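Report on the structure given below.
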Amino acid sequence: MRILEGQGVTKYFGGLAAVSNMDFHVDQGEIVGLIGPNGAGKTTLFNLISAALPLSSGEIRFKGQKLNGLKPHQICKMGVSRTFQETKIFGNMPVFQNVLVGAFFGSPNRVPAEDAAREVTQALEFVELSAMSATPVKDLTLVNQKRVEVARALATKPELLLLDELMAGLNFTEISEAMELVIKIRDTGITIFMVEHVMKAIMGICERIMALHHGEKIAEGTCQEIACNKTVIDVYLGEETHAGS
Amino acid sequence: MDITRFISTHRKLLLVGVPFLIILVFLATLPLYGGFYYTRLLTTILMYVVLSVSWAMFSGFTGYMSLAPAAFFGVGIYTMGFLQNTLPFPVIIPIGGLLSFLLALLVGLVTLRLRGIYFTIFTFGLVVFMSEVVAALESDLFGRVGQHINPLPNETIFYAMLVTAVATVFAIYFIRRSRLGLAMLSIGGNEEAAAHMGVNTTRVKVLTFAISAAFMGLAGVIMAPVKVYIDPRIAFSLSYSFMPILMSVFGGMGQFYGPVVGAIIFAYLEKTLRGQFPQYFMLGFGIILILVILFLPNGIAGLVSKVQDKLGGVIAKLRKGGEAEQHANT
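Order-wise, the sequence lines are chains P and D. Counting from -8, one number per residue, gives the positions in the first sequence under the numbering used here. Counting from 14, one number per residue, gives the positions in the second sequence under the numbering used here.
The structure is reproduced here in structure tokens:
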């Protein structure tokens, strides 16, 4: 079943088409990767899905429902959550409160305080941050701040999770842990759509990959197909990466 | 229920509640022995408590620096000016609050999409704009600008202000602990992230901006008789915008009592210093504020928490030391 579907998705910044007439879909239960050089339009596409930016034309559907014209908080309540390329945390608030925001406001119905607190505890256990629940988030390391973002997104009870460069800036061990975390999230039944530059990660966990260039989809397929795709190698991967994967 | 158990389970509530009750009893009985001067002084202090707490209620949480308190305060004052001969005082008070609430609702819907300095500039403009509007309205209605306000008993004004101040402090105390407070804090932390986590940021901002404005309007109505004579320049004086900010920053916005403490200290200093050093007292305020921002960025409340942390650390260390010693002995 297609959980997310885009048709003719287009976004202009002035005269520049950041995303141009793109069709795409994500199936339920999949881990889909989105790759491409800087400026290809990956984050813009995420911003269009989560309504941080309005569409210039085209339409995006989530579980068959049109998302056009909705506000970010409405998209979130429908079951689409996200993390950010540059972490956007509530720095002065403790970890627990950060995640509590997601638990309280992410559901379409009013969540009782006890349920919200339980969800936060679970989400923090899930990302292995329980020990730091009272620490202000600005005092955490980058990898832990990213985990807070994931926990916060999970607390909104999403069906689709958009991960924008979760691995950027992490070291090798942290990347492996993050990969395990992504798979663990998918195993709870949440569909994942992720932008990533770390090829090892994307090739390791994605079932399907889309490659963007200049706002257009230049290739789509399994990891193997993408890694051998001539256009993708030319514009993005380069010869060595190709050989390495 | 067992009394020691009650104390231990409600310790935090008692720590806040008992001093609060003592202060309240002291304040409520003040007109009996305080005399005219002290009652008037406390009315002014309470007015500043209302203004700075209600300012912190919106700006302190969301990080949107509003310079609009003077506009809402002035609306309150002029509600009294326009209605004093038609309606009784207790009826005008809520009307003033309601008018400020509605004005803030309208302004908020239009301007709260502005961020940072643009919002601040707009709210600054609002004060000037309201002053002009009221001047035009007054000269149309009465054929002149400026009017006298009928005097009211000192105690009546004092008690009205006391009730408003208590209501404002209660409001900020409960908002801090509510979902609304969490939503506002998240907006102050990162508005975009808050929106993506399901917070209806526009609604939260407009609603709290209007609630905080309502308290300012109430204070305006009550303060009008103290002024005796009002004109738009007096009613919409920008110092009613700047003083609450100074007081909140000085007191610290990390705790609900910060703006209260700041308002009490600053209002007292203003009242007493203005009499003794009319030329220099603003200079003194400026210096105090600079020192506070440099050395106490979280204000007095921040200092208190810091000292608490330090003391807590020392006590924990002593305890640990004691335990270690016991272990060593056994």
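Don't be surprised by glycine CBs; every beta carbon is placed ideally from N, CA and C. Source: prediction; values computed, not measured.
- When Cβ-Cβ separations below 8 Å define contact, Asn311(D) makes no contact with chain P.
- Identification of residues in the stretch 196 to 213 of chain D having a C-beta nearer than 7 Å to some C-beta of chain P yields Ala196, Leu198, Ser199, Gly202, Asn203, Glu205, Ala206, Ala207, Ala208, His209, Met210, Gly211, Val212, Asn213, given in sequence order.
- Across the set Gly109(D), Pro272(D), Val219(D), the C-alpha of Val219(D) shows the shortest separation from the C-alpha of Leu127(D).
- When C-alpha distances from Gly(-3)(P) are compared across Asp106(P), Cys219(P), Met13(P), the shortest belongs to Met13(P).
- Cβ neighbours of Thr169(D) within its own chain (closer than 8 Å, five residues either side excluded): Phe102.
- For Ala107(P), the uninterrupted alpha helix (DSSP H) segment begins and ends at 104 to 117.
- Close to Arg190(D), with beta-carbon spacing below 8 Å, lies no residue of chain P; the smallest spacing is near 10 Å.
- Going by DSSP, Asp153(D) is part of the alpha helix (DSSP H) stretching over 129 to 155.
- Shown here, Gly97(P) sits in coil according to DSSP, grouped into three states, outside any helix or strand.
- Among the residues of the stretch 47 to 62 of chain P, those with a Cβ less than 8 Å away from any Cβ of chain D are Lys62, in the order of the chain.
- Straight-line spacing of the CA atoms in Ala69(D) and Val320(D) works out to 23 Å.
- Straight-line measurement puts the Cα of Tyr91(D) at about 7 Å from the Cα of Val234(D).
- The Cβ-Cβ distance between Ala31(P) and Gly229(P) does not fall below 8 Å.
- Taking a cut-off of 8 Å on C-beta distances, the stretch 77 to 92 of chain D touches the stretch 107 to 126 of chain D, as three or more cross pairs fall below it.
- The DSSP-derived three-state label of Lys79(P) is coil.
- Spatial neighbours of Tyr3(P) in its own chain (CB-CB distance under 8 Å, excluding positions within 5 residues in sequence) are listed in chain order as Ala9, Ser47.
- From the beta-carbon of Asn135(P), no residue of chain D is found nearer than 9 Å; the closest lies around 16 Å away.
- Residue contact check for Val0(P) against chain D: no CB pair falls below 8 Å.
- By the rule that beta-carbons nearer than 8 Å mark a contact, Ala142(P) does not touch chain D.
- Listed along the chain, the chain D residues whose CB falls inside 9 Å of the CB of Asn83(P) are Leu198, Gly201, Gly202, Gly267.
- Residues of the same chain with a CB within less than 7 Å of the CB of Asn38(P), apart from the 5 flanking positions on each side, are Leu44 in chain order.
- Beta-bridge partners of Gln(-2)(P) (DSSP): Glu50(P).
- Here the C-alpha atom of Gly264(D) lies approximately 9 Å from the C-alpha atom of Ile278(D).
- Boundaries around Asp155(P) are those of the beta strand (DSSP E), 151 to 155, since no alpha helix (DSSP H) includes it.
- Pairwise C-beta distances place the stretch 105 to 120 of chain P out of contact with the stretch 224 to 233 of chain D, as fewer than three of them are shorter than 8 Å.
- Counting only runs of 4+ residues, the alpha helix (DSSP H) found wholly inside the stretch 236 to 287 of chain D occupies 245 to 248, 252 to 264, in chain order.
- If you check each beta-carbon in the stretch 144 to 158 of chain P against every beta-carbon of chain D, the ones closer than 7 Å belong to Thr147.
- Interface with chain D (8 Å Cβ-Cβ cutoff): Phe95(P) is included.
- Where Ser199(D) is concerned, the enclosing alpha helix (DSSP H) starts and stops at 192 to 202.
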